[in-house]
Amino acid sequence: MNIVVCVKQVPDTSDPDTEVHIDSTGRGVDQSKFSFVINEADNYGVEEAILLKEKHGGEVVIVSIGPEAANQVIRMALAKGGDRAIRLEDEAFAFSDVYATAKILQSAIKDIEFDVVMTGCMASDDGYAATGQTLAQLLGVPHAAYVKSVEVIDEKTLKVGRELEGGLLEMSEIKMPCVLTIQTGINEPRYASFKGIREASKKEIKIMDLAATGLSSDEVGENGSLSVLKGYSMPEVGELAEILEGDASETSTKLATILKEKGLV
Amino acid sequence: MDFGLTEEQELFRKTVRDFAEAEIAPRAAELDEKGEFPYDIVSKMAELGLLGLPIPEEYGGCGADMVTYCIGIEEISRVSASLGITMAAHTSLGCMPIYLFGNEEQKRKWLVPLARGEMLGSFGLTEPEAGSDARATKTTAVLDGDEWVINGTKVFITNSGTRISGVVTITAVTGENEKGKEISNIIIPHGTPGLEIAPPYRKMGWRYSDTRELSFVDCRVPKENLLGERGGGLRAFLRVLDCGRIGVAALSVGLAQACLEESVKYAKERVQFGEPIGKKQGVSFKCADMYMEVELARLATYKAAWVADQGRRYTREASIAKLFASETAMRAASAAVQIHGGYGYIEDYPVCRYFRDAKILEIGEGTSEIQRLVLTRHLGL
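Residue numbers (my numbering), protein chains in the order written: chain U, 1 to 265; chain W, 1001 to 1381.
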């Protein structure tokens, strides 16, 4: 069973020093002080792929679009059990929307004989939550989104559970090859062992630039996108805050009511 | 000259940090309060390879260099000094003597399960009347036919009484030679009749590490359990201590780093006189000093580890690193509590625990005074 996992390097939002500031162009965020991690949902994708490989054999290929610094995220996925990796990097890829991003990924994946492509269900930075679906369309294969369980039925079929509102699991069968966008919590991602890290340094990370993808500069970046990023703005501060008044038991009751109404607990 | 870490070392640091923050940090305060040895965490540490880092792969370890070993201890200790010492004592004192001085059969029998983390190892040197003066060992081992018969008491032995403790290497007097006492190392498997394990000590810090007194009452082990040359015990343990000192230095760096991070965090949050206390130089300069000293302690520790990786003797470097790093940790812990004020004196904030965990660093693996003694000898004084 050959599995491709698409991973993205994103800013570490758990790092207290990660403050978001819009950069001077207005179309980007100042990333100079960020530390980076693998996108959380992608991390679950890596684990799910490795679990399936351990059970059914095959190869796990890690694919990522990103600068050289993204190698750390890729190496970690290799250290956990990925077999090889492809990293796509070219200045022309900047400002790619979901569609252009999916085209870039597809260019690297189309030559791999895959059974399953996994992506995270959503990236924690831009939150488009559509890369996997678009990629499936471009690859001409079916997809399932927000996948919370995967079971192999036979050589051609997977049974997948999709997580719906309130944790309801929708079970369906899907024919391979296919694309699954993986929901967090599907498994318990492992930590790379020292031996895994050592082996990862010997595994191949193939670099592909625009020329290697076979795409033209009109097909990627802003030119190849259906939507164009115009700019960011910071939220207005303060207007929606509700100050609860009263003694501790009153305010705690009010707070509990609000949290419950909003479906947060 | 290159002060950079390799990609492998950087990745390893990240993975151990992630592990420590996710698996240990949320439980550290409770474990400390209860003084419970966390078997489940130790077992996960074994899976990551943390219990046999510098031991070659052929003996069940990872074949990592000493710098990597230090990074591992540092990152675990940044979150948990108790697990830092569990790992450091197991590796430097449990595994290393058998790796350095064991014969092939001893390595196969003991080192392989130790380095895989299937059992914990310990080293018994200190006695009630032989602390800094290790030559004052009173424990005796007398050859009776094909067996050593051991009698005596060892104190402060880390990792010696857990469910997974498998073996303790001890120093014992095996006779007399021209220099006086003939001291040798002997391997004692747990479960040997006559090896009596006392309940754990009630310690100031390192509260969920396992430390005990061991008594040997006509404890018999096979003659082959002699580790290294007969009479070579003193020379051997001095080499073992070099590795142990690097371990405690790395532990100190991790603990001092934690003190620094908590102090900076609190200095940014805590408002007094209308501004965060970190705006006041009385506080910020303490943080700056801590920052500098932690960096220097780390450099000294990695330098010692690097010398060890070159295959050279590193007694001097290990001693400098251990002395400076442990005193840095104590100063950092003291400053961290001071910065936290009254909140630093209660267990709601981790610096309270850090302070209790720091003091022993200036004592174990050779006190600060003994380190200074080692250095004066290097100066020819």
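By construction, the Cβ of each residue, glycine as well, lies at the ideal position given by its N, Cα and C atoms.
Partner residues on chain W for residue i, Cβ-Cβ distance less than 7 Å
i        : result
U/Arg198 : Glu1008
U/Tyr191 : Thr1015, Asp1018, Phe1019, Leu1048
Rounded straight-line distance, which links the Cα of residue j to that of residue i
i         : j         : result
W/Val1271 : W/Thr1139 : 57 Å
W/Glu1269 : W/Ala1336 : 14 Å
W/Gly1102 : W/Ala1318 : 23 Å
W/Arg1353 : W/Val1079 : 11 Å
W/Arg1220 : W/Leu1125 : 18 Å
W/Arg1298 : W/Lys1265 : 21 Å
U/Ile62   : U/Met118  : 10 Å
W/Ser1215 : W/Leu1234 : 21 Å
U/Ile184  : W/Glu1147 : Strictly speaking, residue 184 of chain U in this sequence is Thr, with Ile absent from that position. Each residue's Cα considered, the two are about 59 Å apart.
W/Asp1040 : W/Lys1279 : 42 Å
W/Leu1381 : W/Ile1339 : 39 Å
W/Leu1093 : W/Met1087 : 10 Å
U/Glu47   : U/Val160  : 16 Å
W/Leu1260 : U/Ala192  : 27 Å
U/Ala41   : W/Lys1109 : 44 Å
Selection from the options that minimises the alpha carbon distance to residue i
i         : options                                    : result
U/Ser233  : U/Gly224, U/Val147, U/Glu155, U/Val20      : U/Val20
U/Leu169  : U/Leu229, U/Ile186, U/Leu78                : U/Ile186
U/Glu151  : U/Leu139, U/Pro142, U/Val116, U/Gly166     : U/Val116
W/Glu1362 : W/Gly1247, W/Phe1285, W/Leu1195            : W/Gly1247
W/Gly1180 : W/Lys1279, W/Ser1080, W/Ser1082, W/Ala1136 : W/Ala1136
U/Phe34   : U/Ser227, U/Pro16, U/Arg87                 : U/Pro16
U/Gly263  : U/Ala70, U/Leu158, U/Gly167                : U/Gly167
U/Ile65   : U/His143, U/Asp209, U/Gly26, U/Thr18       : U/Asp209
U/Gly140  : U/Phe93, U/Met176, U/Gln31                 : U/Met176
W/Leu1251 : W/Glu1033, W/Val1149, W/Thr1091            : W/Thr1091
U/Ala49   : U/Ala92, U/Val4, U/Ile174                  : U/Val4
U/Ile205  : U/Thr184, U/Asp83, U/Lys254                : U/Asp83
W/Ala1258 : W/Met1001, W/Glu1010, W/Ala1025            : W/Ala1025
W/Glu1129 : W/Thr1153, W/Glu1021, W/Glu1007, W/Glu1057 : W/Thr1153
W/Thr1169 : W/Tyr1201, W/Phe1123, W/Gly1205, W/Glu1176 : W/Phe1123
U/Asp97   : U/Asn223, U/Pro189, U/Lys203, U/Gly196     : U/Asn223
U/Ile74   : U/Asp111, U/Cys6, U/Asp30                  : U/Cys6
U/Ile112  : U/Gly231, U/Val60, U/Lys55, U/Gly26        : U/Val60
W/Val1253 : W/Glu1033, W/Tyr1069, W/Asn1177            : W/Tyr1069
W/Ile1073 : W/Arg1207, W/Leu1255, W/Glu1008            : W/Leu1255
W/Pro1097 : W/Ile1360, W/Asn1225, W/Val1067            : W/Asn1225
W/Asp1242 : W/Gly1049, W/Pro1276, W/Gly1311            : W/Gly1311
Residue i burial status per 10 Å Cβ neighbour count (16 or more: buried)
i         : result
W/Pro1193 : exposed
U/Leu78   : buried
W/His1190 : buried
W/Phe1003 : exposed
W/Lys1417 : Here chain W covers residues 1001 to 1381 and nothing more, so residue 1417 of chain W does not appear.
U/Ala248  : exposed
W/Leu1100 : exposed
U/Arg87   : buried
U/Asp90   : buried
W/Ala1046 : buried
W/Phe1012 : buried
U/Met171  : exposed
U/Asn71   : buried
W/Asn1177 : exposed
W/Tyr1376 : Reading the sequence as shown, one finds Thr at residue 1376 of chain W and not Tyr. When all chains shown are included, W/Thr1376 counts as exposed.
W/Asp1032 : buried
W/Arg1313 : exposed
Listed by chain order, chain U residues near residue i by CB distance under 7 Å
i        : result
W/Ala982 : With chain W covering only 1001 through 1381, there is no way to say anything about residue 982 of chain W.
Interface partners of residue i on chain U, CB under 9 Å
i         : result
W/Leu1053 : Phe194
W/Ala1064 : Phe194, Arg198
Contact list for residue i against chain W, beta-carbon separation under 8 Å
i        : result
U/Ser201 : Glu1007, Glu1008
U/Ala79  : Leu1011, Thr1015
U/Arg75  : Glu1007, Leu1011
Amino acids of chain W, ordered along the chain, whose beta-carbon sits closer than 9 Å to that of residue i
i       : result
U/Gln72 : Glu1007, Glu1010, Leu1011, Lys1014
Closer than 7 Å: residue i CB and nearest the ligand ADP heavy atom
i         : result
W/Leu1255 : The ligand ADP is absent from the structure shown, which contains no ligands of any kind.
Which residue spans inside the region 1116–1144 of chain W form an unbroken beta strand (DSSP E) run of at least 3? 1120–1124, 1140–1144
For a minimum of 3 consecutive residues, which ranges assigned as the beta strand (DSSP E) are wholly contained in the region 1137–1196 of chain W? 1140–1144, 1147–1158, 1165–1177, 1180–1189
Completely contained alpha helix (DSSP H) runs for the region 33–71 of chain U, where each covers 4 or more residues: 40–56
Secondary structure, alpha helix (DSSP H): runs of 4+ residues fully inside the region 129–205 of chain U: 131–139, 194–200
Start-end ranges of the alpha helix (DSSP H) lying completely within the region 1312–1374 of chain W, minimum 4 residues: 1315–1340, 1350–1358
Whole runs of the alpha helix (DSSP H) within the region 1215–1285 of chain W, excluding any shorter than 4 residues: 1233–1269
Which full runs of the alpha helix (DSSP H) of 4+ residues lie inside the region 83–117 of chain U, going along the chain? 98–109
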